[in-house]
Amino acid sequence: MDTHVDTQTASETGLPFYLPQGNETELFEHAYRNRLPVLIKGPTGCGKTRFINHMAARLGRPLYTVACHDDLTAADLVGRYLIGDSGTYWNDGPLTRAVREGAICYLDEVVEARKDTTVVLHPLTDDRRILPLERTGETLHAPPEFMLVVSYNPGYQNLLKGMKPSTRQRFVAMSFDFPQPKVEVEILCRETGIETALAERLVALAGGLRALKDHDLEEAASTRLLVYAATLIRSGFAPRDACRAALVEPLTDDAETGAALLEVIDASFGG
Ligand code: ADP
Numbered sequence: 119m120d121t122h123v124d125t126q127t128a129s130e131t132g133l134p135f136y137l138p139q140g141n142e143t144e145l146f147e148h149a150y151r152n153r154l155p156v157l158i159k160g161p162t163g164c165g166k167t168r169f170i171n172h173m174a175a176r177l178g179r180p181l182y183t184v185a186c187h188d189d190l191t192a193a194d195l196v197g198r199y200l201i202g203d204s205g206t207y208w209n210d211g212p213l214t215r216a217v218r219e220g221a222i223c224y225l226d227e228v229v230e231a232r233k234d235t236t237v238v239l240h241p242l243t244d245d246r247r248i249l250p251l252e253r254t255g256e257t258l259h260a261p262p263e264f265m266l267v268v269s270y271n272p273g274y275q276n277l278l279k280g281m282k283p284s285t286r287q288r289f290v291a292m293s294f295d296f297p298q299p300k301v302e303v304e305i306l307c308r309e310t311g312i313e314t315a316l317a318e319r320l321v322a323l324a325g326g327l328r329a330l331k332d333h334d335l336e337e338a339a340s341t342r343l344l345v346y347a348a349t350l351i352r353s354g355f356a357p358r359d360a361c362r363a364a365l366v367e368p369l370t371d372d373a374e375t376g377a378a379l380l381e382v383i384d385a386s387f388g389g
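Under my numbering, residues 119 to 389 are what the sequence shown spells out, in order.
Right, here's the structure in full:
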């Protein structure tokens with residue numbers, strides 16, 4: 119009995135910490151078991167990457183994460199011929215490696231990538247689940263354990279880019295947002311070791327700052343930034359200065375907006 123309990127505890131604590139906001143872990147597991155690709159939408163710093171890391175560990179699959187950017191091409195995902203000492207050789211890209219190994223491939227901010235990447239993703243996202251490697255002439259059939267996960271931030275900078283409906287329709291999709299206050303308080307405590315009362319003040323402050331979002335800021339104070347503020351305070355830095363460094367400066371370059379944010383901070387942490 120004892121051994122059993124010990125083993126369970128060890129494996130549970132071995133997972134990257136993730137506190138669910140709803141039924142997302144269950145949905146993800148069902149998608150995985152049924153070989154469905156997943157699309158995660160949500161603002162930056164709200165837990166998408168942590169969630170994927172947690173789920174990959176929980177499902178016991180290796181994880182390949184690709185941070186997409188506007189120069190990312192299909193060849194960056196699939197692979198290319200390289201020149202070595204003994205001539206040219208084929209080098210698998212992360213998507214190809216994930217397919218071969220039956221891993222989870224996570225394409226973060228997928229709408230940033232070049233259009234030609236959708237061509238390689240499409241046959242992997244329907245029931246063919248194949249990856250044709252045009253350059254080598256191979257066609258890889260994805261094993262049941264392979265899973266494709268993509269994310270994007272539907273915030274303002276992607277309004278024009280968006281994701282094509284024909285691509286979106288190939289995924290099971292879930293929306294992430296900043297966690298409910300109670301959940302966010304627990305995340306701050308667990309991530310940084312601060313006291314509950316302080317976490318509650320920070321989360322209430324975030325609520326105030328997020329309410330300003332639509333007026334002056336492109337992006338709201340994220341859970342990630344709250345974790346940074348809590349970390350600085352935990353290490354002994356003055357709360358107001360910590361909040362300024364973590365919750366004002368990263369969010370705006372505009373002096374007036376910065377002053378408005380600082381006012382909200384002063385109302386909770388004194389000026
Ligand atoms: P995203 O990928 O959405 O930009 P991350 O997953 O990197 O955001 O989250 C940023 C940080 O916020 C994480 O490193 C973690 O400290 C914290 N975090 C956010 N949501 C959660 C959650 N539900 N459980 C645990 N930590 C979280």
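A virtual CB, placed ideally from N, CA and C, is assigned to each residue, including glycine.
Asked                                                                                                                                                                                          : Found
Could you check where the alpha helix (DSSP H) with Pro309 kicks off and where it finishes?                                                                                                    : Correcting the residue type first, residue 309 is Glu in the shown sequence and not Pro. Counting along the chain, the alpha helix (DSSP H) containing Glu309 begins and ends at 299-310.
Starting from the C-beta of Pro134, find all residues in its chain whose C-beta is less than 7 Å away, skip the five residues before and the five after it, and write them out in chain order. : Arg168, Asn171, His172, Ala175
What residue from Thr314, His187, Ala378 has the CA that sits closest to Arg352's CA?                                                                                                          : Thr314
Secondary structure at Met281, three-state DSSP: helix, strand or coil?                                                                                                                        : coil
Please list, following the chain, all residues that have a C-beta closer than 5 Å to any non-hydrogen atom of ligand 1.                                                                        : Tyr136, Leu137, Thr162, Gly163, Cys164, Gly165, Lys166, Thr167, Arg168, Ile305, Glu309, Thr341, Arg342, Val345
Counting along the chain, where does the alpha helix (DSSP H) carrying Ser269 start and finish?                                                                                                : Unbroken run through Ser269 is the beta strand (DSSP E), 265-270; no alpha helix (DSSP H).
Tell me which residue opens and which closes the alpha helix (DSSP H) that Glu362 is part of.                                                                                                  : Rather than Glu, the amino acid found at residue 362 in this sequence is Arg. Per DSSP, Arg362 belongs to no alpha helix (DSSP H) and is neither H nor E.
Name the residue from Val156, Ala193, Ile158, Thr341 whose alpha carbon lies nearest to the alpha carbon of Thr254.                                                                            : Ala193
With H, G and I counted as helix, E and B as strand and the rest as coil, what does DSSP make of Tyr224?                                                                                       : strand
Less than 8 Å between the C-beta atoms of Leu200 and Thr206, yes or no?                                                                                                                        : yes
Look up Ser293 in the DSSP assignment and give the residues it is bridged to.                                                                                                                  : Lys159
I'd like to confirm the pairing. Which residues does DSSP put opposite Pro250 in its beta bridges?                                                                                             : Thr257
Going by beta-carbon coordinates alone, are Glu230 and Cys164 separated by less than 8 Å?                                                                                                      : no
Going by beta carbon distance, what residues of the same chain come within less than 8 Å of Asp295, once the five residues before and after it are set aside?                                  : Gln139, Gly160, Pro161, Cys164
Among residues of its own chain, excluding the 5 on either side of Asn96, which ones have a beta-carbon nearer than 8 Å to its beta-carbon?                                                    : Past the boundaries of the shown model lies residue 96; the chain is included only from 119 to 389, so the question cannot be answered.
Have a look at Leu306, Gly211, Cys223, Leu251 and flag the residue whose alpha-carbon is nearest the alpha-carbon of Val156.                                                                   : Cys223
Taking Leu320 and Leu344 to be in contact with their CB atoms under 8 Å, please state how far apart those CB atoms are, rounded to whole angstroms.                                            : 6 Å
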